[in-house]
Structures are given as C-alpha cells and as structure tokens.
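Heads up: the sequence shown at position 184 corresponds to 184 in the UniProt record's numbering, and the numbers run straight through without jumps. In what follows, a structure is listed as structure tokens, so that the remarks can point back to it.
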Amino acid sequence: MSTGDLRNIAPLLDAYLTYFESNHLPFTIPGHKQKAARLDSGLGSLVDLDIPLYGGLDEIKLTNKVLIKAEGLAAEFWGADFARFSTGGSTHANQAVILALGKPGDRVALSRTAHRSVLSALVLAGLEPLWLTPEIDSVTGVPTGIPLSEFERVLPQKPIALLLTEPGYLGTLSDIRSLVTAAHAQSIPVIIDAAWGAHFGFHSDLPAHALQMGADALVTSVHKALPGYSASALLLARTRFLSADRLEQSFETTHTTSPAGAPLASIDAVRALLQTQGTHLLSELLKNVTRFKEIVQKEFSLPIFLTASDFPQGRFDPTKVVLRANQLGISGIDLENALGEHGVRVEMADSDTVVFLATLADSAEVFDQLAQIVIEITQRLQGTSRPSATALSWSVVPQVKISMREAYFATTEMVSEREAIGRISADLIAPYPPGVAVVAPGEILTHQIVTGLRQSKDAGVRIAYATDPTLSKYRVVIS
Ligand SMILES: Cc1ncc(COP(=O)(O)O)c(C=O)c1O
C-alpha cells in the first residue's frame, strides 16, 4: 500500500479528509468554524484543521455510523469484543474501565507501578486497592513485574479485579499469562494498562498484546508508542468477565460530549497502518533501535542500555531505549540537560536512567544523529560508574492508614516537611514521569518518603501533584 492509501480502509480518516474536500457552511460548534485565520493567522493555524465527531467526521445525528465502523475494525484487529476510541488518553480509558468493575467498597488487586490515572479512577469509583509490590531486578534496580505470589497473597481479601501496568515505564513485563490463569481460576477479570505497549502483538520479536495473553481489558495510548494524535487512546475488552453495557456506560459517563475528530481519525489511521504495514515498520524500528544501541555501546566497556537479555524471555520491550546513567557515572538529569542543549528531548530522566521514546516515526537517520550526540555527551560527562539505586518510585512499601477515597474528601491542613513525617497524606505525590505514586491519599508520609522526595527534587526531578510543589509543606489529613 502506498502513502496516502490508508483512507480506503480507515473510515474515520476518510471522513476527516472528505470534510476538507467538500463545502461547508457550519452554524454549529466548534466556534472557530475552520475560519479563524480570518481573525488571526496564528489562531487559524492552530484551530482551522480541527473538526468534531458530531457534524464533522459524521453528521450531527451520527447517521453514517463511521465511529462505530472504525471501532469495529479495531475490535477485529485486536481480537476484542468491545472497542472504544478515546480523545482523553489512557487516563480516560482507565477511568472508564475501572468505573465499570464493581461498586463502592469493593477491592481490586493493583500493581504499585500503577499510573496516577488509575488511582484517581479508584477514588471516582470508590474502589480500594490491595497493593501488589513489583519484584526488583538486583542488577539493574528495575521493577520486573508482579510475581504470582504477590497476587496469591491478596486473594483471600477477595479482589474483584486484577489491575496491572504492562509494560512498566522502563519496558519490563510481568509473567502476564500466569497471572491471568490464576485470576481467571477465580473468575477475576484482568485489566491491563498498556499505555506504553500499543505496538505489542503484531511482530514476532515483540511481546504479545494483553488480550492475546488472555487479559480481559487492554488500555493503551495511541499517541505514545504509536504515531497517534496527542491524547488518543484505545479501550479494548473481552466480555467473558466484563459487561459490555457497563463499559459503554462508564466510557460515555467520563468522555467529553464533544470529541475532536483528529484524535479519533488518527486511531483509525494508525490501526490501518499497523494492519497493512505493521510487520515491516516494526521490523525497521527493531533494527534501528538494536543498531543504535550497538553503535553507542561499542564506545563503553560496561553495559549502558537495558536489553532483552537482562530479563526473562519475552519480559522486555526490545524497542525501549533505557540508558543506565549510573553505569557511566553520570547523573541522568545532567545527561538530560546536556541532551536538551542539542535539541534532544527525552521521555524521562532520573538520577540513574534516561528513557528515550523510539517509535515507527523515527527514521534510521534520526537514530544515527542521536547516536552521535549521545556518544559525544556521554564521553564528555563520563565519571566513575556506581551501582544502580532503586528509584524512589519503585522502592516504597505503602503504609495505608485510611481509605484513599476517605483521604481524598477529608478535612486537611498544610504542615511543614518535618511535621509531615508520620501524618496521613491527603495528596498523591509522584515524580513525573513516570507518574507512579510515592505516596497516595490515605497513606503515611514516612521518613523514607519525605527525605526521598526532597532528594529527588533537589536532583532536578519534577515532583508532581503535591499541593505545594516546592515540598516545603505537605497537605495532610486532620484526624
Ligand atoms: C502507565 C500509564 N498509564 C496511563 C497513562 C496516561 O496516559 P495518557 O497520557 O494517554 O492519558 C500514562 C502516562 O504516562 C502511563 O504511563
């Protein structure tokens, strides 16, 4: 299939392009009417390519059913019974699936590597987490997934669902098939937040996707590992243990009533791209990433990238580029800053790691360019290697004092950093990225957490969601 042909097999992409090929005299939203350039050229270049779903991709009454057709094609491609396209990111898709699980007071088994959107969704749904601690690889300090024994440990507390984050932020995966088998033996559905794994399942050298591994729901961001529009996401599900009606209701309850057309059309187009050229494009990506790592690695004696051979078979995303700054004796933050001076923006940096997001959109030339920059900077900044320290996000064992929902709605006060130690946090606080909670509402702010957050912040890591982002005060529950 040649460039530009995708519209023939992507109904939403076709609808988007067709809109601009025909005449319109809109007296509906959006208020810019695709004519804002008349008011200001800058504003026009921002909004004049924006059309909505209602009265844009389809008629106001959705008479052409293009969205349903496109979602049906995605369901078929991923092997799902249910598919919805979201313009609100995996954040929204997580909310939708979590609201469809049970009723307030029910418990869910939940990986501590969960993204904050999952925790917020639990507050909305009134569900309580039974935390599962990931295993940490002793060599690399990286979380390698939730062991089966962790899930079995919480089974007596009768969770109504198992919620996992796969792959984790650093590209590792749990042994998902064993966890699914154990959950299904108790009729417990498995929900996988695969925000970073949208490219899985369509190449033999990549992990299978969550539904192929037996999971019941798969949430993924089409704008992360795939070339989708910002905040475009997919919710895919099988309905053996989940209700399609509840999923539909929860999805609509939490989605905007005015979805933008471009993100929706991009999900459809990316599905069509994967379907027609996925194997070839993913092979190119795998080849480029492997070659990039080899070119840079050649310059150093210690291993400086995470690779699939660091982990059990099939438990690492080989397209993931995670540079181990500690092996080079460099601070990941300093490396991030130096890369920034060359115009390179990375996905994440903390003291020991720098994560580069590589996707189908990156050409071989781009990887060569990056390799030269990385070699030049790392050789210049290189110091004495140090052992990997497990990042704060992966090393906290939560001490839950009151329910997350109770803490979320509690009366609170601001106290100093010193006074906060031992109090119950009202905030979720997370180094971002990865957005994984170091403390969640209802949990004790321990000495490890308060000092760890201070050290991370002083080292240049962005600490998100705290009421006082300087961390000189903490918002705690008045009990
Ligand atoms: C594991 C995980 N889930 C969900 C999200 C939210 O995704 P989105 O930005 O598409 O809303 C993120 C964002 O980084 C994430 O890392």
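Heads up, the beta-carbon is just placed ideally off N, CA and C, and yes, glycines get one too.
Rounded C-alpha distance that separates residue i from residue j
i	j	result
residue 36	residue 356	36 Å
residue 361	residue 186	42 Å
residue 244	residue 87	20 Å
residue 129	residue 222	27 Å
residue 49	residue 237	32 Å
residue 367	residue 323	14 Å
residue 184	residue 260	37 Å
residue 347	residue 335	13 Å
residue 253	residue 71	18 Å
residue 325	residue 54	48 Å
residue 282	residue 4	19 Å
residue 424	residue 350	26 Å
residue 280	residue 214	26 Å
residue 204	residue 173	16 Å
residue 428	residue 317	28 Å
residue 305	residue 51	42 Å
residue 248	residue 200	25 Å
residue 465	residue 455	17 Å
residue 365	residue 66	38 Å
residue 6	residue 338	39 Å
Enclosing beta strand (DSSP E) for residue i [first to last residue]
i	result
residue 82	82 to 86
residue 191	190 to 193
residue 196	Neither: residue 196 is in no beta strand (DSSP E) and is coded neither H nor E.
residue 145	143 to 145
residue 128	128 to 132
residue 210	No beta strand (DSSP E) holds residue 210; DSSP gives it neither H nor E.
residue 217	217 to 221
residue 475	473 to 477
residue 163	162 to 165
residue 470	Looking at the DSSP string, residue 470 is not in any beta strand (DSSP E), and its letter there is neither H nor E.
Proximity below 8 Å, CB of residue i to CB of residue j
i	j	result
residue 57	residue 12	yes
residue 400	residue 442	yes
residue 436	residue 452	no
residue 91	residue 112	no
residue 127	residue 106	yes
residue 476	residue 412	yes
residue 189	residue 217	yes
residue 461	residue 377	no
residue 192	residue 170	no
residue 75	residue 99	no
residue 131	residue 110	yes
residue 371	residue 219	no
residue 386	residue 144	no
residue 29	residue 388	no
residue 285	residue 210	no
residue 463	residue 446	no
DSSP three-state assignment for residue i, whether helix, strand or coil
i	result
residue 317	coil
residue 19	helix
residue 202	coil
residue 507	Lying before the first or after the last residue shown, residue 507 is absent from the chain, which here runs from 1 to 479.
residue 178	helix
residue 348	strand
residue 397	coil
residue 115	strand
residue 170	coil
residue 107	strand
residue 338	helix
residue 454	helix
residue 77	helix
residue 324	strand
residue 461	coil
Residue span of the alpha helix (DSSP H) that contains residue i, given as start and end
i	result
residue 445	No alpha helix (DSSP H) holds residue 445; DSSP gives it neither H nor E.
residue 406	404 to 409
residue 251	244 to 254
residue 287	261 to 297
residue 378	364 to 381
residue 153	148 to 154
residue 45	41 to 47
residue 235	Premise fails: residue 235 lies in the beta strand (DSSP E), 233 to 237, not in any alpha helix (DSSP H).
residue 62	Segment: none, residue 62 is in no alpha helix (DSSP H) and carries neither H nor E.
residue 418	417 to 420
Within-8 Å CB hit, residue i to chain C
i	result
residue 80	Protein chains in the displayed structure number just one, and chain C is not present.
**OP:** Examine the Cβ distances between the stretch 118 to 125 and the stretch 384 to 397 and report whether three or more of them are shorter than 8 Å.
**Re:** no
Original post:
Do the stretch 314 to 333 and the stretch 378 to 385 make contact, defined as three or more Cβ pairs closer than 8 Å?
Top reply: yes
**OP:** Determine contact between the stretch 147 to 158 and the stretch 167 to 181, defined as no fewer than three beta-carbon pairs at a distance below 8 Å.
**Re:** yes
**OP:** Check whether the stretch 469 to 479 touches the stretch 416 to 426, counting contact only when three or more Cβ pairs, one atom from each stretch, lie closer than 8 Å.
**Re:** yes
Original post:
Hey, is the stretch 222 to 236 in contact with the stretch 76 to 92, meaning 3+ C-beta pairs nearer than 8 Å?
Top reply: yes
Subject >> the stretch 22 to 34 in contact with the stretch 274 to 294 per 3-pair CB rule at 8 Å >> reply: no
Original post:
For the stretch 267 to 275 against the stretch 223 to 230, are there 3 or more C-beta pairs whose distance is under 8 Å?
Top reply: yes
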